[in-house]
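Chains as they are written, first to last, in UniProt numbering: chain A, 1 to 333; chain B, 1 to 333; chain C, 1 to 333; chain D, 1 to 333.
Every residue gets a Cβ at the ideal spot worked out from N, C-alpha and C, and that includes glycine.
Predicted model, so just to flag it, every value in this text is computed and none were measured.
What follows is a set of notes on a single structure, which appears directly below.
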């Protein structure tokens, strides 16, 4: 049994706790949260220890799940690595590429599994799309189109601390793009607008963006994002190749269709929001991590993946600022 | 906490055990299975008692889940009722309408909740269809069309003991029809053939059937069944009314679509078989039962529902034998 | 060039005129309509002769298109056959099976092509479904399900003269069923109600019906009809066999889908009504007839097809009256 | 009756001839083609005059349809304008922006209707998408995504004379983008690759491109093109706004879906190629032009539209060369 320390007992933390509880190979050994009551609640529910500090929790476990706030991620990764524990950390590692690079160097000797929480890689539909491409079903992959729109604008407080749309929202799509392309994007173009809330300009942020990337071999990738799609959480991935196309589409709670005098074939709304839409992905991602710990394998979404997606977000910021195709080699920590 | 006794630790029994384990209001107190090892396994997994007999298990619980073989259902319902325990029993109550009637009389004074495992009523799509109709969204309901096809012929042994297609397979659709129509069918026509396996005629059974029913007010309902749909488990319900139509369609594991040189828009196969397709329905049905126990309410699928569906199956058998529209009043236990 | 006489210059007649005008192998030579002005209008538009009587028109042509009112069909078929002209006649041949039988005998020696206007056989989707079945793509055909619903109740005058729903509306589906089954239905069950307009009972007619048929080899077929589907003209055919299923679905003017705060994936309404939905089928059916005339081949929808569909409608009436499965051999002209 | 002169009797020319033949308000008066036999054939078929020169044809008509090869368009527009005839000219006006500007000046005083053959504006689905946006159904338009992929690489000869992918293929999408955005794009980014046929690099051409554009108010638009989609001609337009989304999807010959042991919901291939897919659009576009001639109104796709789309193509070429967001004001004839 893999003993798990859960750091952070918010919404995502609780999801992870439930997944661990169902996993045959792992048990929730200890939880920690800066807000003691939150940790107490989870501890009571699962009958596990509650630690007074992250370090204390880490010490009692084989593997650490880091689900605390972003600014603590890198420190906790370093602490866990120093203690020699397997690490699962929610994205992003940090909003600063130099902090991420420093973290990478700090954990240089660490040989255990470390997985970053890019859950979309584990979504059954998205993964089936990529598996199809890898299996050659669509021939040589040529173009990737990712549509990713949130159902509604996040709170001002959230947005202020978010690091901007490219690091907060598009970063998921950058990771998904890399996952699908199976090749590094080397050039990045990005533009955007504040069409939903013009006052976002005060935060130097955008709510509507479009990105185009190109890999060394010439593969093309487009990403579009919106912070507010009134029809729901819109998550689509299209892979186009020399022998065909696959599209991973949106999911609904069930397959009811309605037909009336004024509307034909009305489907259910899309699963909304990421907790619902990617529920399976959260579970499958953590289960995959537990397997990697058991078998001492490299996870599917590594520290390097976290760093590279952040570099793409930085490239997008630079492209936006300078209105040009930015080469990823220009981006240094 | 509602203490649960689980009778029968086969596939369905295990699903119920897992649902109880997740339920905040209930706990698995004791399990029983005629095959001791099966009970032991479930008992160990959930850390609960293992009873030497059904009666012993019933005695230790507040509510009894009957998931044993069909011929034991009525006896166990009677035993549970005598002991004053809430009852959840898998369908059918019995293959003999007179045995069911006798059971009804035997438990006459029983006032606790008793639910029959007609899981399809709890399928989110099917239920949304019915809710839509009840809410008047399609006006006056006029026609119901139920398509229900198994992915492959069951084993000869299963079929021999099944009671025939109307009592074994169509009975689910009879219950669903009643659930959707919100009115009793009073006339039943049925016909069928052995198109998949002609040797089924030896068992006096059919593998392909079509039914038409009519209610007192003239509502019409069609059911078609096949024992073997190679493309998967096909479960559709269509409600047609004066203001529109709703269709509850098939479900897939995810929404990948494939486009190649020879095929456009190829979807994933349908969830296959009932364990997968109705996984949510099994869970929601049992959760609904637990709520009824807590609140001492009448469940959504009652003993009477079980008896009436069986009567419709008998009417179908009579219609088949005599080639005519059979009035449900002709069917007596 | 095949010289065409068009008898009847109403809506359907005009459609046929336009199809002939586009056909490279035929020309509209002469038109006739009991309402002179109607014939004059078409004659002027296409620059062709206007006959003073049907006989006069027939005499001037190689092939006769009969698009007059139903009670005149049999007489005009006989007149055309006597004159040795190829015949295309709108359905039905007559509402009386004995009149149809008499007509058959009257034209006994006629060897030219005679086609009945069962246009649905020529609908590209329906025909592709049948071609797929004939090609063995779905293995042995086992079940056929036909959904056929008009968008709104016809006028009282129309209904009074219609011969009742089975002869007027279901007859199209009886023909389609025979076309799909590739085998004669031998048993017919029918029931129905007046759910849309209860006063239809005064006409001894129904507005909502369900039919089940069975062929000699045991193939099953269900038809459901409604006189009023508020969401539009609903025309679906499903063929189910040992190796798969094909569904010929509804058609829309274009493929726009709408997504808003309260509705997802809203499609265009279905093409409405038969003139729009079966526009291609009308054209393809007539073009097929012209080919048969050119090549002196037997058309796809023969006089015999017209007679057999009417016999099925009679069987449905008898089944309705007696509440039983009626053998087609009981139906005599 | 509007007398039409058709210049160019190739594939598109013949389509226009057929449309004119069906139009109640116009007649094909005269045809011309540099290949005399081609003109003779059309002339014979429609019983109209065959001119020995374009000028001779123009002189006999009220309106001129220019469907000759691209290099002749501007000259024929000028000749028609000089003769005071209404003009319908296939796209593009010319491959050179300066030639287009010169043409504009040459016809400066011309006041008659002049329409450029951007047929996609008249596609029922695409137009319904735009009408929906104009009617405010999706609120403020924020993003446009256009997917436009040919089914197979054109011949080398065609590509050599094409002017490159942006002027030959993307130009349709530039026009469609302008039509949908209802606002001028002011910034253009483009990139691309030769993923289908690397030897296209010899022609300084691309086969796979992605474009992003931005309007003054910040609306965003993405276009992706491929010269070879093996699954067929892929033509989709997505409009996303503050109140919803509309998608104009691909069209199929009919709505058959196939379900087998290895594939679920297989649809018909998409209509292939533009002649089939945009058949209605060609007809509706020309009919719209005829209406404009009758009513002396400005057409929906003007000379200015032709010029502006070409300017966007030039901007794409410049963006590709310099790897930057190009302002449309940088593009001068």
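Point to revise | Among 303(D), 242(D), 308(D), 153(D), the one whose alpha carbon lies nearest that of residue 107(D) | key: For the purposes of this step, residue 107(D) is identified with residue 107 of the fourth chain, where counting begins at 1. With distances taken between Cα atoms, residue 107(D) lies closest to 303(D).
Review point. Can you name, in chain order, every residue of its own chain whose Cβ lies under 7 Å from the Cβ of residue 98(B), other than the five neighbours on each side?
Key: If you number the second chain from 1, residue 98(B) lands on position 98. Exclusion of the five residues before and after residue 98(B) leaves 333 as the residues of its chain whose Cβ lies within less than 7 Å of its Cβ.
Exercise for review: Write down every uninterrupted run of the beta strand (DSSP E) in the UniProt domain "GFO/IDH/MocA-like oxidoreductase" (126-246) of chain A whose length is 3 residues or greater and which is fully enclosed by it, in chain order.
Suggested key: 141-149, 185-193, 208-215, 220-226, 234-241
**Study point:** Test item: CB-CB of residue 259(A) and residue 265(A) under 8 Å
**Key:** Here residue 259(A) is taken as the residue at index 259 of the first chain, counted from 1. Here residue 265(A) is taken as the residue at index 265 of the first chain, counted from 1. It is a contact, given that the beta carbons lie within the stated cut-off.
Check your understanding: Under a CB-based cut-off of 8 Å, is residue 345(C) close to chain A?
Key -> Residue 345(C) falls outside the range modelled here, since chain C spans only 1 to 333, and no answer is possible.
Point to revise | Span of the beta strand (DSSP E) around residue 41(A) | key: Position 41 of the first chain holds residue 41(A). Where residue 41(A) is concerned, there is no enclosing beta strand (DSSP E), although the alpha helix (DSSP H) it sits in stretches over 36-46.
Check your understanding: When you compare only the Cα positions, how much space is there between residue 185(B) and residue 164(B)?
Key -> In the second chain, counting from the first residue as 1, residue 185(B) sits at position 185. In the second chain, counting from the first residue as 1, residue 164(B) sits at position 164. Take the alpha-carbon of residue 185(B) and the one of residue 164(B): they are about 21 Å apart.
Check your understanding: Going by beta carbon distance, what residues of the same chain come within less than 7 Å of residue 197(A), once the five residues before and after it are set aside?
Key -> Here the question's residue 197(A) lines up with position 197 in the first chain. Taken in chain order, the residues that qualify are 153, 207.
Check your understanding: Can you tell me whether DSSP reads residue 271(A) as helix, strand or coil?
Key -> For the purposes of this step, residue 271(A) is taken as residue 271 along the first chain, with counting starting at 1. Residue 271(A) falls in the coil class under three-state DSSP.
Check your understanding: For the candidate residues 232(B), 213(B), 281(B), whose alpha-carbon lies nearest to that of residue 311(B)?
Key -> Within the second chain, residue 311(B) is the residue found at index 311, counting from 1. Among 232(B), 213(B), 281(B), the Cα nearest to that of residue 311(B) belongs to 213(B).
Point to revise | Those residues which DSSP pairs with residue 9(C) across a bridge | key: Indexing the third chain from 1 puts residue 9(C) at position 9. Partner(s): none; residue 9(C) has no beta bridge.
Review point. So what does DSSP say about residue 250(B), is it helix, strand or coil?
Key: Translated into the one-based positions of the second chain, residue 250(B) becomes position 250. Coil at residue 250(B), not helix or strand.
**Study point:** Range covered by the alpha helix (DSSP H) that runs through residue 312(A)
**Key:** Position 312 of the first chain holds residue 312(A). Segment 303-322, the alpha helix (DSSP H) holding residue 312(A).
Review point. Within 8 Å (strictly less), CB to CB, does residue 210(C) reach chain B?
Key: For the purposes of this step, residue 210(C) is taken as residue 210 along the third chain, with counting starting at 1. Closer than 8 Å: yes.
Review point. Any idea which residues DSSP pairs residue 27(C) with across the strands?
Key: As a first step, residue 27(C) must be located in the third chain, where it is residue number 27. In the DSSP output, where bridge partners are listed per residue, residue 27(C) has 3(C).
Check your understanding: For residue 65(D), which three-state DSSP category applies?
Key -> Sequence index remark: in the fourth chain, residue 65(D) carries index 65 (1-based). Here residue 65(D) carries a strand assignment [DSSP, helix/strand/coil].
Check your understanding: To the nearest whole angstrom, what separates the beta carbons of residue 49(A) and residue 83(A), a pair I think is in contact under 8 Å?
Key -> On the first chain, residue 49(A) is found 49 positions in, with the first residue counted as 1. On the first chain, residue 83(A) is found 83 positions in, with the first residue counted as 1. With a Cβ gap of about 16 Å, residue 49(A) and residue 83(A) do not count as contacting.
**Study point:** Residue range of the unbroken beta strand (DSSP E) whose run includes residue 116(A)
**Key:** By one-based count along the first chain, residue 116(A) stands at place 116. Counting along the chain, the beta strand (DSSP E) containing residue 116(A) begins and ends at 114-116.
**Study point:** Coil, strand or helix - residue 95(C) by DSSP
**Key:** Numbered from 1 along the third chain, position 95 holds the residue referred to as residue 95(C). In this structure, residue 95(C) counts as coil in the three-state DSSP scheme.
**Study point:** Beta-carbon contacts of residue 15(D) that lie in its chain and below 6 Å, excluding the five residues immediately before and after
**Key:** Locating residue 15(D) in the fourth chain gives position 15, where the first residue counts as 1. Within the same chain, residue 15(D) has close Cβ partners 282.
Review point. Sorted by chain position, which residues of the same chain lie with C-beta nearer than 6 Å to residue 43(B)'s C-beta, five sequence neighbours on each side aside?
Key: Here the question's residue 43(B) lines up with position 43 in the second chain. Contacts found: 31, 50.
Practice item. Compare the C-alpha of residue 4(B) against each of 328(B), 287(B), 319(B), 317(B) and name the closest. Key: Sequence index remark: in the second chain, residue 4(B) carries index 4 (1-based). The option with the nearest alpha carbon to residue 4(B) is 287(B).
Review point. Which residues, in chain order, does the stretch 238-262 of chain C contribute to contact with chain D at a C-beta distance below 8 Å?
Key: 243, 244, 245, 246, 247, 248, 249, 250, 251, 253, 254, 255, 256, 257, 258, 259, 260, 261
**Study point:** Span separating the alpha-carbon of residue 139(D) from that of residue 240(D)
**Key:** Position 139 of the fourth chain, counted from the first residue, corresponds to residue 139(D). Position 240 of the fourth chain, counted from the first residue, corresponds to residue 240(D). Their Cα atoms are separated by approximately 9 Å.
Exercise for review: Taking residue 168(D) as the reference, give the member of 263(D), 238(D), 150(D) with the closest Cα.
Suggested key: Here residue 168(D) refers to the residue found at position 168 when the fourth chain is read from its first residue. Per the Cα distances, 150(D).
**Study point:** Length of the line joining the Cα atoms of residue 135(A) and residue 143(A)
**Key:** Counted from its first residue, the first chain places residue 135(A) at position 135. Counted from its first residue, the first chain places residue 143(A) at position 143. The straight-line gap from Cα to Cα measures roughly 16 Å.
**Study point:** Cutoff 8 Å: residue 100(D) Cβ touching any chain B Cβ
**Key:** As a first step, residue 100(D) must be located in the fourth chain, where it is residue number 100. Chain B contact via Cβ: absent.
**Study point:** Cut-off 7 Å between Cβ atoms - residues of its own chain near residue 250(D), not counting five sequence neighbours on either side
**Key:** The residue given as residue 250(D) occupies position 250 in the fourth chain. Here the set comprises 234, 235, 236, 270.
Practice item. Decide if residue 1(D) is buried, meaning its Cβ has at least 16 other Cβ atoms within 10 Å, or exposed. Key: On the fourth chain, residue 1(D) is found 1 positions in, with the first residue counted as 1. Burial call: exposed.
Practice item. Report yes or no: is there a C-beta of chain A within less than 8 Å of the C-beta of residue 113(B)? Key: In the second chain, residue 113(B) corresponds to position 113, counting from 1. No, no contact with chain A.
Exercise for review: Assess, as a yes-or-no matter, whether the stretch 87-97 of chain D is touched by the stretch 213-227 of chain D under the definition of 3 or more beta carbon pairs within less than 8 Å.
Suggested key: Not touching, per the Cβ criterion.
Review point. In chain A, which residues lie with their C-beta within 8 Å of the C-beta of residue 140(D)?
Key: As a position in the fourth chain, residue 140(D) is number 140, starting the count at 1. The answer, in chain order, is 195.
Check your understanding: residue 224(D): which of 8(D), 192(D), 64(D) sits nearest, CA to CA?
Key -> Residue numbering aside, residue 224(D) sits at position 224 when the fourth chain is read from its first letter. Out of 8(D), 192(D), 64(D), 192(D) has the C-alpha closest to the C-alpha of residue 224(D).
Point to revise | Chain-order list of residues whose beta-carbon lies under 6 Å from that of residue 293(C) (same chain, five-residue window excluded) | key: Translated into the one-based positions of the third chain, residue 293(C) becomes position 293. If we look at residue 293(C) and ignore the five residues flanking it on each side, its Cβ neighbours are 2, 63, 86, 113.
Exercise for review: Find the residues of chain C that neighbour residue 132(D), judging by a C-beta separation of less than 9 Å, and give them in chain order.
Suggested key: The sequence position of residue 132(D) within the fourth chain is 132, counting from 1. Going along chain C in sequence order, the residues near residue 132(D) (Cβ under 9 Å) are 256, 258.
Point to revise | Closer than 8 Å to chain D by CB, residue 17(C) | key: Indexing the third chain from 1 puts residue 17(C) at position 17. Chain D contact via Cβ: absent.
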